[in-house]
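Notes follow once the structure below has been shown.
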Amino acid sequence: MKVKAIILTALFIIGWGCTKQSLKVTYDKQAGYIDSFVQAQMKADPEATLVRNEGAWRLTLQDNRDPGDSLRAGGRVTLEYASYTLTGATVSASNLIETNRKDIADAARWTLTDTTIFQPVTLTLDKTLVEGLRMGLHGVQPGDEAYILFTGEFAYGNKENGTIPAKSALVYHVWIESIKNE
Numbered sequence: 014m015k016v017k018a019i020i021l022t023a024l025f026i027i028g029w030g031c032t033k034q035s036l037k038v039t040y041d042k043q044a045g046y047i048d049s050f051v052q053a054q055m056k057a058d059p060e061a062t063l064v065r066n067e068g069a070w071r072l073t074l075q076d077n078r079d080p081g082d083s084l085r086a087g088g089r090v091t092l093e094y095a096s097y098t099l100t101g102a103t104v105s106a107s108n109l110i111e112t113n114r115k116d117i118a119d120a121a122r123w124t125l126t127d128t129t130i131f132q133p134v135t136l137t138l139d140k141t142l143v144e145g146l147r148m149g150l151h152g153v154q155p156g157d158e159a160y161i162l163f164t165g166e167f168a169y170g171n172k173e174n175g176t177i178p179a180k181s182a183l184v185y186h187v188w189i190e191s192i193k194n195e
């Protein structure tokens with residue numbers, strides 16, 4: 014019996030190590046997609062600025078930087094957004110997960126009966142947000158338009174979330190209306 018338990022334990026450890034290595038390969042591949050996406054956007058818009066907050070990239074297309082306040086931990090941000098899964102170096106309507114912008118929903122040919130979703134949302138920059146989104150929003154200012162990108166490691170990890178597959182890299186295209194720090 015002892016030998017059997019040792020063998021089962023060893024197989025578990027080997028399987029766990031392989032799974033962990035497989036996740037690393039997946040997240041490294043996603044980081045490559047993010048890098049390709051960022052490079053293409055920066056080539057198309059040389060004025061774009063890139064900030065990396067821990068595990069999230071924020072590519073700001075329209076940057077209204079002034080000496081004013083930027084979003085800090087615990088602050089609130091009001092924004093419009095479109096979120097996508099990232100399965101390559103681009104995003105498209107076929108990868109759209111959710112949006113509160115009518116123009117994007119229309120372009121994706123979404124037929125919605127509840128049009129009340131087309132309103133800006135206010136989020137608090139705290140632990141209730143997906144980690145990658147929280148890291149990416151940190152530092153935004155009113156008027157910014159940005160892409161926030163992060164690997165599945167900073168999204169939902171190895172778990173599905175609604176229509177979002179496990180291990181998915183995510184992209185949020187955001188339009189910042191206002192911020193309020195506490």
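Counting from 14, one number per residue, gives the positions in the sequence shown under the numbering used here.
Don't be surprised by glycine CBs; every beta carbon is placed ideally from N, CA and C.
Original post:
Which term fits threonine 128, buried or exposed, when burial requires 16 or more other beta carbons within 10 angstroms of its beta carbon?
Top reply: Stepping through the sequence shown from its first residue, residue 128 is reached at position 115. It is exposed - the Cβ of threonine 128 has fewer than 16 other Cβ atoms within 10 Å.
Original post:
Quick one: is serine 96 buried, meaning 16 or more other Cβ sit within 10 Å of its Cβ, or exposed?
Top reply: Here the question's residue 96 lines up with position 83 in the sequence shown. With 16 or more other Cβ atoms from the protein chains shown falling within 10 Å of its own Cβ, serine 96 counts as buried.
Original post:
What number of angstroms, rounded off, separates the C-alpha of aspartate 116 from the C-alpha of proline 133?
Top reply: Here residue 116 refers to the residue found at position 103 when the sequence shown is read from its first residue. Here residue 133 refers to the residue found at position 120 when the sequence shown is read from its first residue. Taking C-alpha positions only, aspartate 116 is separated from proline 133 by approximately 13 Å.
Original post:
So what's arginine 147 in DSSP terms, helix, strand or just coil?
Top reply: Within the sequence shown, residue 147 is the residue found at index 134, counting from 1. Reduced to three states, the DSSP call for arginine 147 is helix.
Original post:
Would you say valine 187 and leucine 92 are within 9 Å of each other, going by their C-beta atoms?
Top reply: Position 174 of the sequence shown, counted from the first residue, corresponds to residue 187. Position 79 of the sequence shown, counted from the first residue, corresponds to residue 92. Valine 187 places its beta carbon less than 9 Å from that of leucine 92.
Subject >> Length of the line joining the Cα atoms of alanine 120 and tyrosine 94 >> reply: Working through the sequence shown from its first residue, we reach residue 120 at position 107. Working through the sequence shown from its first residue, we reach residue 94 at position 81. C-alpha separation (whole angstroms): 14 Å.
Original post:
If we call anything under 9 Å between Cβ atoms a contact, is serine 181 one with leucine 99?
Top reply: The residue you call residue 181 lines up with position 168 of the sequence shown. The residue you call residue 99 lines up with position 86 of the sequence shown. Result yes, Cβ atoms of serine 181 and leucine 99 sit closer than 9 Å.
Subject >> DSSP three-state assignment for glutamine 132, whether helix, strand or coil >> reply: By 1-based counting over the sequence shown, the position of residue 132 is 119. Three-state DSSP puts glutamine 132 in coil, outside helix and strand.
Original post:
Which whole-angstrom value describes the C-beta separation of valine 106 and leucine 138, a residue pair presumed to lie in contact below a C-beta threshold of 8 Å?
Top reply: Position 93 of the sequence shown, counting from 1, holds the residue named residue 106. Position 125 of the sequence shown, counting from 1, holds the residue named residue 138. Here residue 106 turns out to be alanine, not valine, going by the sequence shown. In fact, because the Cβ distance is near 28 Å, the residues do not count as touching under 8 Å.
Original post:
Which first and last residues belong to the beta strand (DSSP E) in which alanine 182 is found?
Top reply: Locating residue 182 in the sequence shown gives position 169, counting from the first residue. Per DSSP, alanine 182 belongs to the beta strand (DSSP E) from 182-193.
**OP:** Please name the residue, chosen from Gly68, Ser49, Val104, Ile47, that lies closest to methionine 148 on a Cα-to-Cα basis.
**Re:** In the sequence shown, the residue the question calls residue 148 occupies position 135. Of the candidates Gly68, Ser49, Val104, Ile47, Gly68 places its Cα closest to the Cα of methionine 148.
Original post:
alanine 154 and glycine 88: beta carbons closer than 9 Å?
Top reply: Here residue 154 refers to the residue found at position 141 of the sequence shown. Here residue 88 refers to the residue found at position 75 of the sequence shown. The residue you asked about is not alanine; residue 154 is glutamine in the sequence shown. Cβ atoms of glutamine 154 and glycine 88: not closer than 9 Å.
**OP:** Label aspartate 41 either buried or exposed according to how many other C-beta atoms from any shown protein chain fall within 10 Å of its C-beta, with 16 as the threshold for buried.
**Re:** As a working mapping, residue 41 is identified with position 28 in the sequence shown. Per the 10 Å Cβ criterion, exposed.
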